[in-house]
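What follows is the structure, given as structure tokens:
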């Protein structure tokens, strides 16, 4: 299955949920936000949101920083 992640084409196994995708990419669910076909996926729905061939995803990593 071909999907686009942050503008880059990727091949994924089928079936593939957002949670599975994050595991394949080595990402921690609590430290990212995911947009699937231009809609934000709430974290509690990562296991139930399945990807299809041609889907587009944007994944944003949260980076903590020290403020004063």
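Residue numbers (the numbering used here): 1024 to 1091. We put the beta carbon where it would ideally sit given N, CA and C, even for glycine. Please read these numbers as outputs of a predicted model, since none were measured by experiment.
Got a sec, what are the start and stop residues for the alpha helix (DSSP H) residue i sits in?
i            : result
residue 1045 : 1041-1048
Quick one: does the C-beta of residue i sit closer than 6 Å to a heavy atom of the ligand MN?
i            : result
residue 1053 : As presented, the structure is devoid of all ligands, the ligand MN included, so that no description of it is given.
By Cβ distance below 6 Å, which residues in the same chain neighbour residue i in space, the five residues on each side in sequence not counted?
i            : result
residue 1038 : 1073
residue 1045 : 1052
Opposite residue i in the DSSP bridges: which residues?
i            : result
residue 1062 : 1059
residue 1034 : 1025
Which residues mark the beginning and the end of the beta strand (DSSP E) in which residue i is found?
i            : result
residue 1079 : 1079-1084
Which residues in the same chain as residue i place their Cβ atom closer than 7 Å to its Cβ, once the five residues preceding and following it in sequence are excluded?
i            : result
residue 1084 : 1054, 1055
Should residue i go down as buried or exposed, given a rule of 16 or more other Cβ atoms within 10 Å for buried?
i            : result
residue 1057 : buried
Can you tell which of the options has its C-alpha closest to the C-alpha of residue i?
i            : options          : result
residue 1076 : 1035, 1066, 1030 : 1035
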